[in-house]
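**Student:** First residue of the sequence shown? That's 3 in our numbering, and the numbers climb one at a time after it.
Shown below is the structure under consideration.
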Amino acid sequence: MRAQSAFSESPSSLAARGFRNPLHAFARIQRPWLWAAGAPALGREDRARATFSLNPPRLLTQHTARDGATKLLVEVDAGDRVEAVHMPRAVSGGRVTLCVSSQVGCAMGCTFCATASMGFGRHLLAHEIVGQVLTSVHALGPRHPGDLTLVFMGMGEPLHNLGEVARALGLLCDPAGLGLSARRITVSTSGLVPEIAELGALEPRPLLAISINATTDEQRSALMPIGRRYPLSVLRSALERFPLRSRERITVEYVLLAGINDSAADARRLSAFCASFPHHINLIPFNEHRNTEFRAPSEAAVDAFARALLAERRSVLTVRRSRGRDVGAACGQLVLG
Ligand code: SF4
Numbered sequence: 003m004r005a006q007s008a009f010s011e012s013p014s015s016l017a018a019r020g021f022r023n024p025l026h027a028f029a030r031i032q033r034p035w036l037w038a039a040g041a042p043a044l045g046r047e048d049r050a051r052a053t054f055s056l057n058p059p060r061l062l063t064q065h066t067a068r069d070g071a072t073k074l075l076v077e078v079d080a081g082d083r084v085e086a087v088h089m090p091r092a093v094s095g096g097r098v099t100l101c102v103s104s105q106v107g108c109a110m111g112c113t114f115c116a117t118a119s120m121g122f123g124r125h126l127l128a129h130e131i132v133g134q135v136l137t138s139v140h141a142l143g144p145r146h147p148g149d150l151t152l153v154f155m156g157m158g159e160p161l162h163n164l165g166e167v168a169r170a171l172g173l174l175c176d177p178a179g180l181g182l183s184a185r186r187i188t189v190s191t192s193g194l195v196p197e198i199a200e201l202g203a204l205e206p207r208p209l210l211a212i213s214i215n216a217t218t219d220e221q222r223s224a225l226m227p228i229g230r231r232y233p234l235s236v237l238r239s240a241l242e243r244f245p246l247r248s249r250e251r252i253t254v255e256y257v258l259l260a261g262i263n264d265s266a267a268d269a270r271r272l273s274a275f276c277a278s279f280p281h282h283i284n285l286i287p288f289n290e291h292r293n294t295e296f297r298a299p300s301e302a303a304v305d306a307f308a309r310a311l312l313a314e315r316r317s318v319l320t321v322r323r324s325r326g327r328d329v330g331a332a333c334g335q336l337v338l339g
């Protein structure tokens, strides 16, 4: 049975419960800067109608890295724990990127990923995803939703849990509450093809990121078991069909693993793979962790790969220097314990 939580309530469900001013109550729940004593503060009459819990997920620990990124350990329902990463953007005032989890553990089994070593625990429910966001924002900001960018790149494969992720997006984007813009939310997938189409049909529809990491089916299947179900040609067709707004691009994430996928031939194949859809490539030098034998590429190898990609003249490219490495909060490092 679903837990009854304030964070799954919408203005219409509050109206159905007899709340006299459901928009006001929804705002008191969804806007963490209106909370008091770490939880939504409803008026006396509304509290009497609230048969749901007002307790947000509990923030258990927070560790801030030298670069300002903070790894948050959040307790959701039934004592389960997930991690979020709060990354202030130094060059743009109070702006923050918050990386959130959609599952406890992950079922996808990518061989380079620390989360995969936990196995699959369970899907988070929408109210746990919403609560994770609001608890993180309550603790560390920002103070204005326009300064918040949300990325579903924490623990879990969000498209494996698309129903609950979509419900959470609906609540987080509701202008009566936090009012996030869907253009400031990115959902990253390892490549669940049918669900990519479903994501494209959502309203509000977030931005899409695809975690590619390999340029041949053989190599990708070895790194990411999902590659056996959906070959690169099938995945590319899904990306070509994904509906994009004007000037929008699909983010292509490529984790560079030393000696595995960082050759000039890999760069050329990656460029060719992306040629048929608007894209932006995000190169992510691997972050080493204790659950893997994979190694980080040298700076020279990263530069050589980037130069080989740019020589193909097809791609906008960034190299993501991961945040929070010294507290295990960088990409692919999220694992409990
Ligand atoms: S990389 Fe993403 S999809 Fe793959 S195992 Fe890790 S969390 Fe899951």
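Ideal Cβ placement from N, Cα and C applies to all residues, glycine included.
Compute the Euclidean distance between the alpha carbons of Ala52 and Arg22, then round it to the nearest angstrom.
**Tutor:** Ala52 and Arg22: Cα-Cα distance of roughly 12 Å.
**Student:** Which partner residues of Arg2 appear in the DSSP bridge assignment?
**Tutor:** Examination of residue 2 is not possible in this model, given that the chain is present from 3 through 339 alone.
**Student:** Contact check, Arg316 vs Ser273 under 8 Å by CB: the rounded distance?
**Tutor:** Between Ser273 and Arg316 the Cβ distance is about 5 Å, and since that is below 8 Å, they are a contact.
**Student:** Could you pull the DSSP bridge partners for Cys101 from this structure?
**Tutor:** Cys101 pairs with Val87, Val153.
**Student:** If I'm right that Ser119 touches Phe154 with Cβ under 8 Å, what's the distance once you round it to whole angstroms?
**Tutor:** Their Cβ separation, rounded to whole angstroms, is 20 Å, which puts Ser119 and Phe154 out of contact at 8 Å.
**Student:** Using only the heavy atoms of the ligand SF4, determine whether one of them is closer than 7 Å to the beta carbon of Glu166.
**Tutor:** Checking every heavy atom of the ligand SF4 against the Cβ of Glu166, none is found closer than 7 Å.
**Student:** Ile212 by DSSP, collapsed to three states: which one?
**Tutor:** If DSSP states are grouped into helix, strand and coil, Ile212 belongs with the strands.
**Student:** Would you be able to state if there are at least three C-beta pairs under 8 Å between the stretch 62-70 and the stretch 145-165?
**Tutor:** No contact exists between the stretch 145-165 and the stretch 62-70.
**Student:** What residues are listed by DSSP as bridge partners for Asn284?
**Tutor:** Glu255, Thr320, per the DSSP bridge assignment.
**Student:** Just to check my reading of the structure: Glu85 and Leu74 have Cβ atoms closer than 8 Å, yes? What is that Cβ distance to the nearest angstrom?
**Tutor:** Going by Cβ atoms, the distance from Glu85 to Leu74 rounds to 7 Å, so yes, they are a contact pair.
**Student:** Below 8 Å between beta carbons: does that hold for Cys108 and Glu77?
**Tutor:** Their beta carbons are not under 8 Å apart, which means Cys108 does not touch Glu77 by this criterion.
**Student:** Is the beta carbon of Ile283 sitting closer than 8 Å to the one on Leu311?
**Tutor:** For Ile283 and Leu311, yes; Cβs fall inside 8 Å.
**Student:** Give the straight-line distance between the Cα atoms of Ile228 and Phe244, rounded to the nearest whole angstrom.
**Tutor:** Taking the straight line from one Cα to the other gives about 19 Å.
**Student:** Can you find a heavy atom of the ligand SF4 that lies under 7 Å from the Cβ of Glu159?
**Tutor:** Within the cutoff, so yes.
**Student:** For a test of the three-state rule: what should DSSP assign to Arg68, helix, strand or coil?
**Tutor:** Reduced to three states, the DSSP call for Arg68 is coil.
**Student:** Near Val304, which residues of its chain fall below 7 Å by C-beta distance, leaving aside the five closest residues on each side in sequence?
**Tutor:** Closer than 7 Å at the Cβ level, and outside the excluded window around Val304, lie Leu258, Leu285, Pro287, Val321.
**Student:** If you draw a straight line from the alpha carbon of Gln32 to that of Leu174, how long is it in whole angstroms?
**Tutor:** Answer to the nearest angstrom: the Cα atoms are 8 Å apart.
**Student:** Which residue wins for smallest C-alpha separation from Phe28, given the options Pro177, Thr137, Asp69, Val98?
**Tutor:** If we check each option's Cα against that of Phe28, Pro177 comes out closest.
**Student:** Taking the continuous beta strand (DSSP E) assigned at Arg315, which residues delimit it?
**Tutor:** Taken as a continuous stretch (DSSP letters only), Arg315 belongs to no beta strand (DSSP E), as it is neither H nor E.
**Student:** Suppose you measure from the CA of Leu180 to the CA of Arg169; what does that come to, to the nearest Å?
**Tutor:** Cα to Cα, the separation comes out at about 14 Å.
**Student:** If the criterion is Cβ atoms closer than 8 Å, does the pair Leu225 and Ala216 meet it?
**Tutor:** Yes, the Cβ-Cβ distance between Leu225 and Ala216 is below 8 Å.
**Student:** Would the stretch 235-254 and the stretch 290-300 be scored as touching if the rule is three or more Cβ pairs under 8 Å?
**Tutor:** Cβ pair count under 8 Å is below three, so no.
**Student:** Does the Cβ of Arg4 have 16 or more other Cβ atoms within 10 Å, making it buried, or fewer, making it exposed?
**Tutor:** Low confidence applies here, because Arg4 scores a pLDDT of 49, under 50, leaving its location unreliable; read the following figure in that light. Label assigned to Arg4: exposed.
**Student:** The ligand SF4 and Met110: does any heavy atom of the ligand fall closer than 7 Å to the residue's C-beta?
**Tutor:** Yes, the Cβ of Met110 comes within 7 Å of a heavy atom of the ligand SF4.
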